[in-house]
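Residue numbers 33 to 287, in the working numbering, belong to the letters of the sequence shown in order.
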Amino acid sequence: MFARLLLLLLVPADARRVRAGHSGRAILLEIEDTLGNEQREAIASRAPQMEELLKHTYMALPKNNRGAIGASIANYALHRLFLQLHSWQMKDLQPTQGAWHEHSPTAALKHAPQKLLDVFDERLNNFGLDLHELSVLAATIERLVRDEADMLLNVSFKALGFYSAQKLSASHAMNVMEAYMASYILGTDSFGEEAHRELSEENVRVLLKNIGSYPRWDEVKGLLQDFSSKNDADLDLSTMSNILLQTTDRFTQLE
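Here's what the structure looks like:
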């Protein structure tokens, strides 16, 4: 009798662990299918670090009867993570009028294939996200945000005659970042929503030349200076990318 009761208590928990493990593998396979093996490996490598960063917050969060979290709680956890980790105030994860709403955190996966969003959303809507799945989502968001920024940053390097593998002095780095911000601000109006993917080196030089008439340009340069002030040494692409992500995020809030 006791053995049967013990078996009944153990089976659902085991089944949940199997489903969660299977789902985590399925998500990574879908990432490989839609984004490629290199992206899957990068995300799979980063996910355990995200899990370590998220675990204490996750333990304290309210959960459903499966021990997982829903959309609003996921938005809160991810927003808190990126704010602490990168000082990113991600618009798609922020509360609306002070409340955390049930919109999907996959809204932060801009330009990701719909099939990949559907995998996360199906898990979120049917079961909620466990810690591993939330960590994979965090690693995916971080990777795609950086990829988007680095596309335009690479073009900005080349537009000013530098190679993206170079470390730049503070003054040269500021020139490149100003070229990036000029393209970020004026590019959409001039070239459409996909500007960051379409701009050529010549486009970037033209936008940099024209940015002086933008009424808040001095304010933007001030943001760049503020976020750059902690870096005394030469700046590499990764450091500049993080400065620019913070700057664009703060700029978006001010608009």
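All residues carry an ideal CB built from backbone N, CA and C; glycine is no exception.
Counting only the Cα atoms, MET206 lies some 15 Å from LYS241. Shown here, LEU231 sits in coil according to DSSP, grouped into three states, outside any helix or strand. Contact between the segment 180-196 and the segment 86-104 is absent, with fewer than three C-beta pairs closer than 8 Å.
ASP281 is positioned such that its CB atom lies closer than 8 Å to that of GLN121. CA-CA distance, GLU84 to VAL238, rounds to 44 Å. Here PRO137 is buried, its C-beta having at least 16 other C-beta atoms within 10 Å. DSSP places LEU93 in the coil class of the three-state scheme, outside both helix and strand. Using a Cβ distance threshold of 8 Å, ARG175 and SER273 do not count as a contacting pair. With a contact defined as Cβ atoms closer than 8 Å, GLU230 and LYS190 miss out at about 15 Å. Contact between THR89 and ALA109 holds, since their C-beta atoms are separated by about 6 Å, short of 8 Å. In this structure, the beta-carbon distance from LEU166 to LEU256 does not fall below 8 Å. HIS204 is the residue among HIS204, THR284, GLY219 and ALA214 whose C-alpha sits nearest the C-alpha of ASP266. Across the structure, VAL151 and LEU218 are spaced so that their CA atoms are roughly 35 Å apart.
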